[in-house]
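Counting from 769, one number per residue, gives the positions in the sequence shown under the working numbering.
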Amino acid sequence: DKHPGMRDLLGRKYGVRDPAYIAPQAWRTHLAEHQYPTHYVAEQTSHWLREHHRQHPGQPFAVVCSFPDPHHPWTPPGKYWDMYSPKEIEAPPTASASIGRPPHVQWLWEERAAGMADLEGPRMFASSKREIQEIVALTYGMITNVDDRVGMVMQTLRECHADENTVVIFTSDHGDLMGDHGLMLKGPAHYQGLIRVPFIWREPPPGGRTNYGERNDLASSIDLAPSILRRAGIAAPNGNQGLGLFSPEGTPHGSERRAVLIEENQQRAYLGFDKPVRVRTLVTHGHRLSVFQDGDWGELYDLRADPDETHNLWEAPESQDLRCELLDLMVRLLIGYADSSPRPTRLA
């Protein structure tokens, strides 16, 4: 509505291919920085904060500022396009490693080698070193754009004098493979780059509050809701499966988790499976175990000795006791996460 002349120039059909780039889904947008969705989201958030401060000064609020980026297609606008040089990007050490690929990852590599990979869609694909360098550089541009717009919102908070009594939370819905094991995008390949997400919890600064720094602990995205509710002095509803990571005063405490459970049900039948892929993953402080509904194999990695997850211990004789222990823990977590809401109205 603000820039009607741009409506007919959106999308890859009108995107400009930069001859310096060969990566799929990488094209220059006609949108300027101030017309791009990242700026629009920050602009609307800032506008809402100012209006709230003007109309309801001192009234508590909650606002979600959700940026689509960083996300494919890789189209950072304006100065963010070539802010980072692909030649200066180091591809992950596993980008071209061919030894130890589990079957589903090997399937993606063979699909790409056969020229059958869909490089223009949302599904994972195997990628070359140069493609990885280019995509990571463009992603860094998108992330810097987001950082700058987060700065806009934080400046608005300061201008509204809300900076001193507002909790600010920064997180994401998922990570991205970004070239780990030569793969791009996301899917049922639960490497650390994909399943780990940023999580920053910023308490208001006044009153001599201590900077608590970083915590090395296991947490899950399902912990976000009960943590926010507890901080607001509200009890989490029945059936909530997350843990509150902070006290009502904002003091962090351990999650006391032995492991985190990740559940993924795909809509696609690929990776060598003839049915939509379903996988369950267990992550402890030292290991990652993944079990697929179909297939006679799995994944087990020692995250301390093998942080790049290149040595699958699933079949290793010396790891069978560990495998059984982790499978037992996974089953118990699955039982514990079974839905318990609503409660029965009458007990027998």
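Think of the CB as a built atom: it goes at the ideal place given N, C-alpha and C, for glycine as much as any other residue. Bear in mind the structure is a predicted one, so any value in this text is a computation, not a measurement.
Bridge partner(s) assigned by DSSP for residue i
{"i": "Gly961", "result": "Paired residue(s): none; Gly961 is not in a bridge."}
{"i": "Leu951", "result": "Ala894"}
{"i": "Trp877", "result": "None, per the DSSP bridge assignment."}
{"i": "Trp969", "result": "Ile937"}
{"i": "Val784", "result": "Arg796"}
Cβ shell of residue i (< 6 Å), same chain only, five flanking positions each side left out
{"i": "Thr1113", "result": "none"}
{"i": "Ile996", "result": "none"}
{"i": "Ala791", "result": "Glu899, Glu902, Ile903"}
{"i": "Ile1052", "result": "Strictly speaking, residue 1052 in this sequence is Thr, with Ile absent from that position. Cβ neighbours of Thr1052 beyond the five flanking positions: Ala1027."}
{"i": "Ile857", "result": "Gln901, Val904, Ala905"}
{"i": "Arg1025", "result": "Leu986"}
{"i": "Ala1037", "result": "Lys1043, Pro1044"}
{"i": "Ala930", "result": "none"}
{"i": "Glu1077", "result": "Tyr959, Tyr1069"}
Contact under 7 Å by Cβ, residue i with residue j
{"i": "Pro956", "j": "Val1047", "result": "yes"}
{"i": "His771", "j": "Gln803", "result": "yes"}
{"i": "Leu778", "j": "Pro844", "result": "no"}
{"i": "Phe1014", "j": "Ile968", "result": "no"}
{"i": "His807", "j": "Cys928", "result": "no"}
{"i": "Pro836", "j": "Ile911", "result": "no"}
{"i": "Leu1039", "j": "His872", "result": "yes"}
{"i": "Leu817", "j": "Thr934", "result": "no"}
{"i": "Glu932", "j": "Pro972", "result": "yes"}
{"i": "Trp875", "j": "Ala894", "result": "no"}
{"i": "Pro994", "j": "Gly1012", "result": "yes"}
{"i": "Phe1041", "j": "Asp1062", "result": "yes"}
Same chain, Cβ closer than 7 Å to residue i, neighbours up to 5 away in sequence not counted
{"i": "Thr813", "result": "Val831, Cys833, Val921"}
{"i": "Asp948", "result": "Pro860, Thr862, Tyr959, Gly961"}
{"i": "Gly943", "result": "Gly961, Leu962, Ile963, Arg964, Val965"}
{"i": "Ser988", "result": "Gly1010, Val1028"}
{"i": "Glu888", "result": "Pro792, Gln793"}
{"i": "Ile990", "result": "Gln1009, Gly1010"}
{"i": "Arg780", "result": "Trp795, Pro841"}
{"i": "Gly909", "result": "Pro844, Tyr848, Trp849, Met851, Tyr852"}
{"i": "Gly1022", "result": "Asp985"}
Rounded C-alpha distance that separates residue i from residue j
{"i": "Pro787", "j": "Ala865", "result": "28 Å"}
{"i": "Arg970", "j": "Pro1020", "result": "11 Å"}
{"i": "Ala1004", "j": "Arg785", "result": "49 Å"}
{"i": "Gly846", "j": "Tyr852", "result": "13 Å"}
{"i": "Val1045", "j": "Gly1066", "result": "13 Å"}
{"i": "Glu1083", "j": "Glu801", "result": "51 Å"}
{"i": "Arg1117", "j": "Arg1056", "result": "A query on residue 1117 cannot be resolved here, the shown segment of the chain reaching from 769 to 1116 and no further."}
{"i": "Gly975", "j": "Gln827", "result": "Since pLDDT at Gly975 reaches only 49, below the 50 mark, its modelled position is unreliable, and the value read off the structure follows with that caveat. Cα-Cα distance, rounded: 20 Å."}
{"i": "Thr797", "j": "Trp842", "result": "10 Å"}
{"i": "Leu986", "j": "Gly773", "result": "48 Å"}
{"i": "Gly1129", "j": "Leu1095", "result": "The chain is shown only over 769 to 1116; residue 1129 falls outside these bounds and no answer can be derived."}
{"i": "Asp776", "j": "Tyr782", "result": "8 Å"}
{"i": "Lys855", "j": "Lys897", "result": "11 Å"}
{"i": "Glu879", "j": "Phe1060", "result": "20 Å"}
{"i": "Leu884", "j": "Ala810", "result": "Here the sequence assigns Met to residue 884, which means Leu is not the residue at that position. So the two alpha carbons sit approximately 39 Å from each other."}
{"i": "His1079", "j": "Leu992", "result": "33 Å"}
{"i": "Met952", "j": "Asp850", "result": "20 Å"}
{"i": "Leu1097", "j": "Gly1054", "result": "14 Å"}
{"i": "Tyr848", "j": "Pro1016", "result": "40 Å"}
{"i": "Glu1086", "j": "Tyr1069", "result": "13 Å"}
{"i": "Gln1035", "j": "Asp1064", "result": "21 Å"}
{"i": "Ala882", "j": "Leu1081", "result": "29 Å"}
{"i": "Pro1110", "j": "Cys1092", "result": "33 Å"}
{"i": "Ala1106", "j": "Asp769", "result": "46 Å"}
{"i": "Ser1058", "j": "Asp941", "result": "20 Å"}
{"i": "His983", "j": "Val936", "result": "Note that residue 983 is Arg in the sequence shown, not His. Roughly 17 Å separates the two Cα atoms."}
{"i": "Gly1001", "j": "Pro825", "result": "21 Å"}
{"i": "Arg869", "j": "Gly950", "result": "10 Å"}
{"i": "Val914", "j": "Gly1104", "result": "37 Å"}
{"i": "Lys954", "j": "Ile867", "result": "21 Å"}
{"i": "Pro890", "j": "Leu799", "result": "22 Å"}
{"i": "Arg917", "j": "His815", "result": "13 Å"}
{"i": "Ile1030", "j": "Asp886", "result": "26 Å"}
Spatial neighbours of residue i in its chain, beta-carbon cut-off 8 Å, leaving aside the 5 residues before and after
{"i": "Ser1108", "result": "Asn1006, Gly1007"}
{"i": "Asp1089", "result": "none"}
{"i": "Leu1115", "result": "none"}
{"i": "Met892", "result": "Leu876, Leu945, Leu951, Met952, Leu953, Lys954, Gly955, Ala957"}
{"i": "Ala805", "result": "Note that residue 805 is Pro in the sequence shown, not Ala. Result list for Pro805: Phe835, Pro836, Asp837, in chain order."}
If you scan the segment 1020-1075 from start to end, which runs of the beta strand (DSSP E) of 3 or more residues do you find wholly inside it?
-> 1028-1033, 1046-1051, 1055-1060, 1066-1070
Curious, which full-length alpha helix (DSSP H) runs of at least 4 residues does the segment 790-842 contain?
-> 805-823
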